[in-house]
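Worksheet: the structure to be examined is printed underneath.
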Amino acid sequence: MKEITKIPYIDEWIQEMAAMTQPDRIVLIDGTEAQAEDLRAQAVSTGELTKLNQDLLPGCYLHRTAINDVARVEGRTFICTSKKEDAGNINNWMAPAECYAKLSKLYTGSMKGRTMYVIPYSMGQVGSDFAKYGIELTDSIYVVLNMLIMTRVGLHVLDAMGDGKGFIKGLHARADIDEENRYICHFPEDNTIWSVNSGYGGNVLLGKKCFALRIASYLGKKEGWMAEHMLILGIEYPDGEIRYISAAFPSACGKTNLAMLIPPEVYKKAGYKVWCVGDDIAWLRVGKDGRLWAINPENGFFGVAPGTNEHSNPNALHTTTKNTIFTNVALDLDTNTVWWEGLNNDLPHNCIDWKGNVWDYTKFDKKDKSTCAAHPNSRFTAMAVNCPCLSSEFDNPAGVPISAIVFGGRRAKTAPLVYQSFDWQHGTFVGSIMASETTAAAAGAVGVVRRDPMAMRPFVGYDMGDYWAHWLDMGKKIPNAPKIFHVNWFRTDDEGHFIWPGFGDNMRVLLWILARCEGKVEAKETAIGYIPYADDINIEGLDIDKAVLEELLTVDVASWKTDIENIKEFYAQVGERVPAELYTQLKALEERLG
Ligand code: OXD
Ligand code: MN
Numbered sequence: 001m002k003e004i005t006k007i008p009y010i011d012e013w014i015q016e017m018a019a020m021t022q023p024d025r026i027v028l029i030d031g032t033e034a035q036a037e038d039l040r041a042q043a044v045s046t047g048e049l050t051k052l053n054q055d056l057l058p059g060c061y062l063h064r065t066a067i068n069d070v071a072r073v074e075g076r077t078f079i080c081t082s083k084k085e086d087a088g089n090i091n092n093w094m095a096p097a098e099c100y101a102k103l104s105k106l107y108t109g110s111m112k113g114r115t116m117y118v119i120p121y122s123m124g125q126v127g128s129d130f131a132k133y134g135i136e137l138t139d140s141i142y143v144v145l146n147m148l149i150m151t152r153v154g155l156h157v158l159d160a161m162g163d164g165k166g167f168i169k170g171l172h173a174r175a176d177i178d179e180e181n182r183y184i185c186h187f188p189e190d191n192t193i194w195s196v197n198s199g200y201g202g203n204v205l206l207g208k209k210c211f212a213l214r215i216a217s218y219l220g221k222k223e224g225w226m227a228e229h230m231l232i233l234g235i236e237y238p239d240g241e242i243r244y245i246s247a248a249f250p251s252a253c254g255k256t257n258l259a260m261l262i263p264p265e266v267y268k269k270a271g272y273k274v275w276c277v278g279d280d281i282a283w284l285r286v287g288k289d290g291r292l293w294a295i296n297p298e299n300g301f302f303g304v305a306p307g308t309n310e311h312s313n314p315n316a317l318h319t320t321t322k323n324t325i326f327t328n329v330a331l332d333l334d335t336n337t338v339w340w341e342g343l344n345n346d347l348p349h350n351c352i353d354w355k356g357n358v359w360d361y362t363k364f365d366k367k368d369k370s371t372c373a374a375h376p377n378s379r380f381t382a383m384a385v386n387c388p389c390l391s392s393e394f395d396n397p398a399g400v401p402i403s404a405i406v407f408g409g410r411r412a413k414t415a416p417l418v419y420q421s422f423d424w425q426h427g428t429f430v431g432s433i434m435a436s437e438t439t440a441a442a443a444g445a446v447g448v449v450r451r452d453p454m455a456m457r458p459f460v461g462y463d464m465g466d467y468w469a470h471w472l473d474m475g476k477k478i479p480n481a482p483k484i485f486h487v488n489w490f491r492t493d494d495e496g497h498f499i500w501p502g503f504g505d506n507m508r509v510l511l512w513i514l515a516r517c518e519g520k521v522e523a524k525e526t527a528i529g530y531i532p533y534a535d536d537i538n539i540e541g542l543d544i545d546k547a548v549l550e551e552l553l554t555v556d557v558a559s560w561k562t563d564i565e566n567i568k569e570f571y572a573q574v575g576e577r578v579p580a581e582l583y584t585q586l587k588a589l590e591e592r593l594g
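1 is the number of the first residue of the sequence shown in this note's numbering; add one for each residue after it.
What follows is the structure, given as C-alpha cells:
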C-alpha cells in the first residue's frame, strides 16, 4: 500500500477513496509556504485564481465559482444516521447505505486527470483538549488554499493524530458542478463527510459547517460539550479586565461585524476595547473552575464581502488587505483590485462582475440584486492573525471563560432591543424560539418568520429536540453557567426604518448585559424576561432620545401572542423529541402574557 500519511489506518482510507475517484496523482499538503505558493502559481496558470495587485493587496487572489454554485444548499444537505428519527424532522435524511451507494457513483472516476490533495487539518489549537482532527481529500486547489487559511494544516497535525482513529474523514470532488447531483452528506456515526458537485466554500471547506458544526454537535452531545454557531468577543474595561461573550445569530445577521466592533467614541475615550476571538463558530466545554470555556476552532474568517466598509467593519476590511482569497466579488481592471456593493460609492467604471462579464455601472440599481457587480454572497477568506482586533487569547488552548450567551434575530416588532432570560432552562427556551424575518419586498410589510433555533437550524447534526435536551442537560453540568440573553438590533418604526443604530453602538447593550452578569444593575421583570430600565443603557453621543429607547424596550404583547402560535407549530414540526421542559416554558410564557 502506498504510504501517504504513514498512518496505516488513514492511508487505507485514502487508498479506498482514491480507488473510487481515480486521481492521476495524490499530493499530501504539508502546510509549508513553498508548497502553497506552488499551488497558487498553478491555479493562476489555469485561471482558477486571478492574482490581484500585489502592491495594494499583497498575497491576495480572486476566484469565481460557477454561476450555479454560490451558496450553501440546505435542500441538498443530508444527515445520514442509521435511524431516520436520529436525524430528526428538521434535517434531510438519507439511509447511510443508500447515500454511500448514490454518491459512490458520482465520485467514481471523477478525479481522472486530476490531482487528489490530502489535507491534514485541526479544528482548534493542535494538541489542546478542545482540538479535533480531520483529513479532507479534494481535487480543488481553491479548497486547499482556503483550508490553509481557515484551519490549522500541516504535518504536525498528523503527528498529533497518533494512530488516526477517530479522525473526521472528508471527501470532496468537484465532479461536474452539477446542481442536480450536488450533495453535502454527513455520516455522524462514521465520522464521515462526503461532498460532491460543488466548489462553494460552505459546501466544500469541510472543516467549517460540516465538521465544526454538524459533526461536532453530534460529538458534543455524545461527549458532553457544545458546538455552536456563535461568535466570541472580549470586552476590555478601562482597568484591563476582559469579559467574554458568545453570541448566536442566523447567517447574514452581522456576526462578523459584532465580533469586530469598534466601541463608540464615549467608550473609546474612556479606555474600553473590543477583542475578537471568533466570528462564526464556538466550541464550549465546562472548565475545572465550573465556568463555560470557549474556543474558536477556526483559523480565519470566511466573511460576506458586500456591505463591509470603513464604517460597518473597518477591522474586517483591514484583515482582507493581505493574504486573502476573494470569491465572487468584482474585479476593478483599472487597479487590479476588488470591489463590492457597499465598499464605497465609487462604482468602478472598468470592471468585471462576479460572473466574469464586463459590468455596466450605469445600469446598477441598488434594489435589483441582478445588477450587482459582486454576488450578494461573495466572500473573503482571510487569516485571523491579520485582524487588528484579534484577541491575545485566540491561540490559548484553554479558550476563554464565557460570562454571557447572547441569542439574536431580525425581528421588526416582536423582540425588544434586549432581554435577559430568567435562568438557563428559560434561556434554552429563548434560544429554541429564535427567529428571523425575511425582509418583504413591499416597504413596511411584515416579513416571513423563519425559526432558527440557536442559529443552528441548518447545522445540528442530529434531531433538534435531542439538541435542545442536550442544552438543558449542559445547564445542569455548569456550576457557574453564563447568563443567557436575547437581542434584536433590527426593530423598525411604522415606516420600516431601523430604530437602533446598530454596529459599534451595540456595545452599549453588551455592557448592560455584562453588568447584569455581575449583578451590578437592576432590571424590570416582564412576561418574557428581564428588561433594562432605559436609564441603564448609555445613550450619550447617540441621536436617540429616551422615549425612543423606552419604545425599543417595550414588550409588544400582541405580536408575542401571534408568535406563540407560530412557536407551537414549529415545536410540532420538530416533533416528539421536544423536551417536556420546553413545553412547560412555553405554557408559562403564555400564562405570563395573559
Ligand atoms: C453561514 C456562514 O452561512 O457562516 O452561516 O457562511
Ligand atoms: Mn455562519
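Using N, Cα and C, we set each Cβ at its ideal position, and we do this for glycine too.
The structure presented is a predicted model; accordingly, all values stated were derived computationally and were not measured.
Buried versus exposed, by CB contacts within 10 Å (16 or more), residue i
i    : result
S246 : buried
A440 : Reliability fails at A440, whose pLDDT of 47 lies under 50, so the model's placement of it is uncertain and the value that follows must be treated cautiously. Looking at its Cβ environment, which holds fewer than 16 other Cβ atoms inside 10 Å, A440 is exposed.
A442 : Bear in mind that the predicted position of A442 carries a pLDDT of just 41, short of 50, making it unreliable; the figure below should be weighed with that in mind. So A442 ends up on the exposed side.
S251 : buried
N386 : buried
S104 : exposed
G164 : buried
F498 : exposed
A373 : buried
I67  : exposed
R228 : One point to set straight first is that residue 228 is Glu, not Arg, in the sequence displayed. Buried.
D365 : exposed
S195 : buried
A435 : buried
V162 : Going by the sequence as given, residue 162 is Gly instead of Val. Looking at its Cβ environment, which holds fewer than 16 other Cβ atoms inside 10 Å, G162 is exposed.
L49  : buried
G356 : exposed
D473 : exposed
The ligand OXD heavy atom lying under 7 Å from the CB of residue i
i    : result
D280 : yes
R114 : no
F302 : yes
R410 : no
R285 : no
R214 : no
R450 : no
R174 : no
R72  : yes
First through last residue of the beta strand (DSSP E) which encompasses residue i
i    : result
H486 : 483–487
G220 : Unbroken run through G220 is the alpha helix (DSSP H), 216–223; no beta strand (DSSP E).
W607 : This structure gives no information on residue 607, because the portion of the chain shown stretches from 1 to 594.
R595 : With the chain covering 1 to 594 only, the question about residue 595 has no answer from this structure.
Y61  : 61–63
L28  : 25–28
L39  : Note, L39: premise wrong, no beta strand (DSSP E); alpha helix (DSSP H) at 33–46.
L233 : 230–236
A248 : 242–248
A534 : That residue, A534, is in no beta strand (DSSP E); it is neither H nor E in DSSP.
A435 : 435–437
Distance cut-off 7 Å: residue i Cβ against heavy atoms of the ligand ATP
i    : result
G202 : The ligand ATP is not among the ligands present in this structure, which contains only the ligand OXD and the ligand MN.
Any non-hydrogen atom of the ligand MN within 7 Å of residue i CB
i    : result
S251 : yes
H349 : no
H229 : yes
N-terminal and C-terminal residue of the alpha helix (DSSP H) that residue i is part of
i    : result
W560 : 557–574
G595 : The structure shown has nothing for residue 595, since the chain only spans 1 to 594.
R451 : Counting along the chain, R451 falls outside any alpha helix (DSSP H), though it belongs to the beta strand (DSSP E) covering 449–451.
M20  : 8–21
A212 : A212 -> no alpha helix (DSSP H), and no H or E assigned at all.
L552 : 546–552
A455 : A455 -> no alpha helix (DSSP H), and no H or E assigned at all.
For the region 148–210, which segments carrying the alpha helix (DSSP H) assignment without a break, of at least 4 residues, lie completely within its bounds, in sequence order?
155–160, 201–204
Segments assigned beta strand (DSSP E), at least 3 residues, entirely inside the region 367–418
379–383, 400–408
Which runs of the beta strand (DSSP E) fall wholly inside the region 71–135 and span at least 3 residues, in chain order?
77–79, 115–123
Complete runs of the beta strand (DSSP E) confined to the region 473–526 [at least 3 residues]
483–487
Just to confirm the assignment: which complete beta strand (DSSP E) runs, minimum length 3, are found wholly within the region 262–330?
273–278, 282–286, 292–295, 300–304, 325–327
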